[in-house]
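Colleague: Attaching a single structure in structure tokens format; questions to follow.
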Amino acid sequence: NQPLADLDPEIAAVLDDELARQRGTLEMIASENFVPRAVLQAQGSVLTNKYAEGYPGRRYYGGCEVVDVAESLAIERAKAVFGAEWANVQPHSGAQANAAVLHALADGGDTILGLSLAHGGHLTHGMKINFSGKNYHATAYGVDETTHRIEMEQVREAALRERPRVIIAGWSAYPRHLDFEAFRSIADEVGAALWTDMAHFAGLVAAGLHPSPLPWSDVVSTTVHKTLGGPRSGMLLTNRADQWGKKLNSAVFPGQQGGPLMHVIAAKAVAMKIAGTDEFKDRQARTVEGAAILAQRLLADDVAAAGIKLVTGGTDVHLVLVDLRDSALDGQQAEDLLHDAGITVNRNAVPFDPRPPRVTSGLRIGTPALATRGFGPTEFTEVADIIATALVAGAAGKADEELLAGLRGRVRTLTDAFPLYPGLAQ
Ligand code: PLP
């Protein structure tokens with residue numbers, strides 16, 4: 005029963021240092037968020053001790069009557085939040101949720117069609133050395149060369165050419181809404197199942213700020229830890245439970261996983277309770293508003309003059325994709341520069357990127373974590389100006405220590421005004 009600090013001071017120091025890092029910087033990685041204290045509490049609980057292979061009421065272990073309550077609550081709340089007929093809350097992660105979807109919807113060697121990784125798709129949508137590219141015949145549609153948007157006529161052409169068993173809608177780096185109705189009609193035309201991976205925008209869907217893929221998709225997968233703001237994990241939903249429910253359940257367990265992480269499932273239940281509140285809706289609205297404010301600032305003349313643009317010229321969601329192809333900065337340099345100013349983002353390939361994936365010509369900048377921290381339009385306007393100032397100076401070779409110290413001071417004012425996890429000591 006030794007406390008962590010006594011038993012393992014090295015790991016205790018990691019926890020302390022990471023808390024300090026999160027408190028003292030502006031977190032703008034589009035796929036990250038800050039979970040509420042209640043989620044931390046559920047996740048760091050004795051439920052981690054319990055084996056519960058199977059599903060509520062149908063377990064392969066004794067003593068599951070308590071954890072059954074947690075999983076049933078998570079399922080019912082997830083269904084209510086998304087207006088779904090059916091949910092499976094056991095996937096350990098987004099990637100495992102996606103593995104289960106393909107396991108249920110297709111057979112090894114079948115053709116699948118998703119957004120190209122280079123244009124904003126995810127590894128699990130058919131990347132060559134991922135399970136999805138190794139076990140299935142992965143084909144891709146891309147964004148349009150001029151608009152950089154997913155144009156549905158081009159998706160249709162790809163579907164007619166490839167005749168996939170599964171069409172995948174969803175992305176990791178794309179700043180616009182998807183036309184799910186059009187995806188459905190293409191899937192019907194070629195006899196494919198439609199799988200939507202809403203990992204990035206699930207929080208917006210839950211808040212009614214993004215079209216829902218549920219009415220149109222055979223299966224919807226999501227992570228719980230991005231805009232949705234819950235514990236790191238995955239989830240499956242469908243409104244075609246008669247057709248897919250059994251297959252999906254057995255694809256998750258025993259198809260892909262063994263014992264579910266009951267502590268994480270309890271934390272998912274908490275996150276789904278929060279996702280049903282007005283406070284959550286307000287947070288998602290500030291997330292989208294913050295991204296729009298950031299886009300507006302990055303479209304201003306001083307930024308354009310530095311050769312910096314936005315993919316698709318703006319955003320409908322919680323992130324912007326900065327296009328550095330015509331700027332003196334590459335993605336790595338821009339990421340490092342913002343890091344030195346106290347802002348954490350990730351470099352990201354932009355469509356038709358001439359630079360290698362380790363360098364890239366883009367930045368993906370998201371607002372979910374800062375909205376959770378409490379930021380509204382005033383703070384996002386300041387953040388946007390800090391980012392624009394850093395990038396413009398960097399592109400001109402003028403981001404010296406004096407400029408960066410000034411920007412760090414502005415970041416500090418914001419982080420001090422919005423304390424993260426006040427009172428928490430790990
Ligand atoms: N799906 C999409 C669209 C994602 O962006 C991600 C993560 O970045 C995943 C799935 C995978 O989630 P995880 O990292 O939990 O495996």
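Counting in our numbering, the sequence shown runs from 5 upward without gaps.
Glycine included, C-beta positions come from ideal geometry on N, C-alpha and C.
Since residue 274 is in the beta strand (DSSP E), which residue starts that stretch and which ends it?
Modeller: Position 270 of the sequence shown, counted from the first residue, corresponds to residue 274. Per DSSP, residue 274 belongs to no beta strand (DSSP E); it is in the alpha helix (DSSP H), 266–279.
Colleague: For residue 417, which residues does DSSP report across the bridge?
Modeller: Within the sequence shown, the letter at position 413 stands for residue 417. Answer by DSSP bridge pairing: none, since residue 417 is not bridged.
Colleague: Contact defined as beta carbons within less than 8 Å: I believe residue 294 pairs with residue 39. What is the distance between those atoms, to the nearest angstrom?
Modeller: Here residue 294 refers to the residue found at position 290 of the sequence shown. Here residue 39 refers to the residue found at position 35 of the sequence shown. Wrong, their Cβ atoms sit about 19 Å apart, outside the cutoff.
Colleague: Below 8 Å, can you find three or more Cβ-Cβ pairs linking the stretch 169–183 to the stretch 248–268?
Modeller: Touching, no, given that fewer than three Cβ pairs across the two stretches are closer than 8 Å.
Colleague: Ordered along the chain, which non-local residues of its own chain (more than five positions away) have a Cβ less than 6 Å from that of residue 55?
Modeller: Translated into positions along the sequence shown, residue 55 becomes position 51. So the list reads 65 and 263, once near-sequence residues are dropped.
Colleague: Quick check: the stretch 373–387 against the stretch 45–53, are there 3 or more CB pairs under 8 Å?
Modeller: As far as the Cβ criterion goes, the stretch 373–387 does not touch the stretch 45–53, which means the pair count is below three.
Colleague: Keeping to the same chain, check which residues put their C-beta closer than 7 Å to that of residue 198; ignore five residues upstream and five downstream.
Modeller: Locating residue 198 in the sequence shown gives position 194, counting from the first residue. 171, 173, 187, 188, 191, 220, 221 and 222.
Colleague: Hey, how far is the Cα of residue 343 from the Cα of residue 315?
Modeller: The sequence position of residue 343 within the sequence shown is 339, counting from 1. The sequence position of residue 315 within the sequence shown is 311, counting from 1. Each residue's alpha carbon lies about 22 Å from the other.
Colleague: Can you grab the Cα-Cα spacing for the pair residue 332 / residue 303, in whole Å?
Modeller: Translated into positions along the sequence shown, residue 332 becomes position 328. Translated into positions along the sequence shown, residue 303 becomes position 299. Near 17 Å, if we compare the C-alpha coordinates of residue 303 and residue 332.
Colleague: Looking at residue 158 and residue 260, is the spacing between their C-beta atoms short of 8 Å?
Modeller: Here residue 260 refers to the residue found at position 256 of the sequence shown. Here residue 158 refers to the residue found at position 154 of the sequence shown. Contact flag unset, no.
Colleague: Between the alpha carbons of residue 33 and residue 368, how many angstroms are there, rounded?
Modeller: If you number the sequence shown from 1, residue 33 lands on position 29. If you number the sequence shown from 1, residue 368 lands on position 364. Going by the C-alpha atoms only, they are around 7 Å apart.
Colleague: Is it buried or exposed for residue 164, if we count other Cβ within 10 angstroms and need 16 for buried?
Modeller: Sequence index remark: in the sequence shown, residue 164 carries index 160 (1-based). Exposed is the call here.
Colleague: In this structure, how does DSSP classify residue 1 when only helix, strand and coil are distinguished?
Modeller: What is shown of the chain runs 5 to 430, which leaves residue 1 out entirely.
Colleague: For the beta strand (DSSP E) holding residue 33, just list the boundary residues, first then last.
Modeller: By 1-based counting over the sequence shown, the position of residue 33 is 29. No beta strand (DSSP E) holds residue 33; DSSP gives it neither H nor E.
Colleague: With 16 as the cutoff for other CB atoms within 10 Å, does residue 420 come out buried or exposed?
Modeller: Mapped onto the sequence shown, residue 420 falls at position 416. Exposed, since its Cβ has fewer than 16 Cβ neighbours within 10 Å.
Colleague: So residue 73 and residue 274 are supposed to be a Cβ contact under 8 Å. How far apart are they, rounded?
Modeller: Within the sequence shown, numbered from 1, the residue matching residue 73 stands at position 69. Within the sequence shown, numbered from 1, the residue matching residue 274 stands at position 270. Between residue 274 and residue 73 the Cβ distance is about 13 Å, and since that is not below 8 Å, they are no contact.
Colleague: Going straight from the alpha carbon of residue 132 to that of residue 321, what length do you get?
Modeller: Taking the sequence shown and counting its residues from 1, the one referred to as residue 132 is at position 128. Taking the sequence shown and counting its residues from 1, the one referred to as residue 321 is at position 317. Rounded to whole angstroms, residue 132 to residue 321 spans 28 Å at the Cα level.
Colleague: Please work out which residues of its chain come closer than 8 Å, Cβ to Cβ, to residue 28, disregarding the five sequence neighbours upstream and downstream, and give them in chain order.
Modeller: One-based indexing of the sequence shown puts residue 28 at position 24. These residues qualify, in order along the chain: 346, 416 and 419.
Colleague: For residue 288, collect the residues of the same chain with a Cβ closer than 6 Å to its Cβ; drop the 5 residues on either side in sequence, then sort them by chain order.
Modeller: As a first step, residue 288 must be located in the sequence shown, where it is residue number 284. The answer, listed in chain order, is 207, 208, 211 and 213.
Colleague: If distances are taken between C-alpha atoms only, which option among 106, 151, 121 and 218 comes closest to residue 136?
Modeller: The sequence position of residue 136 within the sequence shown is 132, counting from 1. Checking every option, the nearest Cα to that of residue 136 belongs to 106.
Colleague: Any contact of the stretch 347–365 with the stretch 323–338, i.e. 3+ C-beta pairs under 8 Å?
Modeller: Short answer: they touch.
Colleague: CB-CB under 8 Å to residue 151, same chain, minus the five flanking residues each way: which ones, in chain order?
Modeller: Taking the sequence shown and counting its residues from 1, the one referred to as residue 151 is at position 147. Excluding residues within five positions, the ones whose Cβ falls inside 8 Å are 316.
Colleague: Excluding the 5 residues flanking residue 306 on each side, which residues of the same chain have their C-beta closer than 6 Å to its C-beta?
Modeller: Indexing the sequence shown from 1 puts residue 306 at position 302. Taken in chain order, the residues that qualify are 396.
Colleague: Just the C-alpha distance for residue 70 and residue 271, rounded to the nearest angstrom, thanks.
Modeller: Taking the sequence shown and counting its residues from 1, the one referred to as residue 70 is at position 66. Taking the sequence shown and counting its residues from 1, the one referred to as residue 271 is at position 267. Going by the C-alpha atoms only, they are around 14 Å apart.
Colleague: What's the C-alpha gap between residue 96 and residue 401?
Modeller: In the sequence shown, the residue the question calls residue 96 occupies position 92. In the sequence shown, the residue the question calls residue 401 occupies position 397. Roughly 44 Å between the two C-alpha positions.
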